[in-house]
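Below is one structure, written out as structure tokens; comments come after it.
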Amino acid sequence: MPCIYIRPADGAFGLFIPGSRYTLFRCMSPAGGKTAAQTIGTQHFIVGIAEIIRNLEDMVTARVVKSFRPIAAGDLLMPEIQTSDTFPLKPGNPNIEGTLIGPEEHLMLMGDGAIVFIDKGRADHVEVGQAYLLFREAMLAESIVSPPVTVGKILVLHTEETTSTAVITRAFVDIQRGERFRAVIGQSH
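If you use this note's numbering, the sequence shown closes out at 189, no skipped numbers anywhere.
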């Protein structure tokens with residue numbers, strides 16, 4: 001496993017205990033989303049997991065135990081947060097309609113398996129395991145809008161207060177930022 005060198009912030013040197021694990025990440029500004037006057041938050045772009053090996057005089061060494069994408073100088077660390085790999089599936093909240101903010105990797109088009117962010121969270125009663133339909137409406141003529149057309153499905157993986165992380169479980173077309181979502185009506189999931 002590759003070895004990395006960590007320069008702890010002032011006063012944090014003693015926090016890096018051999019055997020402890022840390023999530024490696026970089027901060028990114030969210031792509032798209034709410035207007036500039038509204039804050040969506042800062043995206044923590046997870047790049048890997050490292051385990052502390054030893055403390056040296058002025059730095060810490062760690063080995064990369066999982067790499068999800070390239071790890072670069074300047075990436076940050078936070079203690080690893082244990083999450084469950086399984087969760088119960090739940091129907092989406094029928095009172096919610098929202099917008100897909102954008103993909104984790106800031107791509108223009110998305111498809112099956114893409115990790116995305118949505119503009120609803122715990123404050124809106126969004127929960128991990130809920131399924132939602134992605135839909136779009138088209139302008140057919142001046143002031144005439146088409147009925148909603150389902151373009152995909154998402155499953156909520158993680159919630160914050162006002163946003164959530166989801167995975168596209170099915171894309172019937174190329175998915176774009178700004179797609180709308182709502183609960184699956186009349187189906188259990």
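Every residue, glycine too, gets a C-beta built ideally from N, C-alpha and C. As the structure is a computational prediction, the values presented were derived from the model and not from experiment.
{"query": "Give me the Cβ distance between V126 and V145, rounded to the nearest whole Å; I'm assuming they're in contact under 8 Å.", "result": "At roughly 26 Å, the Cβ-Cβ gap does not stay under 8 Å, so V126 and V145 are not in contact."}
{"query": "Figure out for me which residue from C27, P88 and V65 has the closest Cα to the Cα of P2.", "result": "V65"}
{"query": "Within the continuous beta strand (DSSP E) that includes E97, where are the two ends?", "result": "E97 to P103"}
{"query": "Could you have a look at A171 and say whether DSSP puts it in helix, strand or coil?", "result": "strand"}
{"query": "Kindly confirm or deny that the stretch 133-143 and the stretch 54-73 touch, where touching means at least three C-beta pairs closer than 8 Å.", "result": "no"}
{"query": "One question on the structure: do L24 and I71 come within less than 8 Å of each other, judged by their Cβ atoms?", "result": "yes"}
{"query": "Starting from the Cα of P88, find the closest Cα among V151, P18, A131 and T99 and give me that residue.", "result": "A131"}
{"query": "Between the Cα of P98 and those of M59, V116, G14 and I6, spot the shortest distance and give me the residue it belongs to.", "result": "In the sequence as presented, Pro is not what sits at residue 98; that position holds Gly. Residue V116 is the option with its Cα nearest to G98."}
{"query": "From K153 to G92, what does the alpha carbon distance come to, in whole angstroms?", "result": "11 Å"}
{"query": "May I ask you to report which of helix, strand or coil DSSP gives L89?", "result": "coil"}
{"query": "Which same chain residues, not among the five before or five after P103, have their C-beta less than 6 Å away from its C-beta?", "result": "M110, A114 and V116"}
{"query": "First and last residue of the beta strand (DSSP E) that includes G152?", "result": "V149 to T159"}
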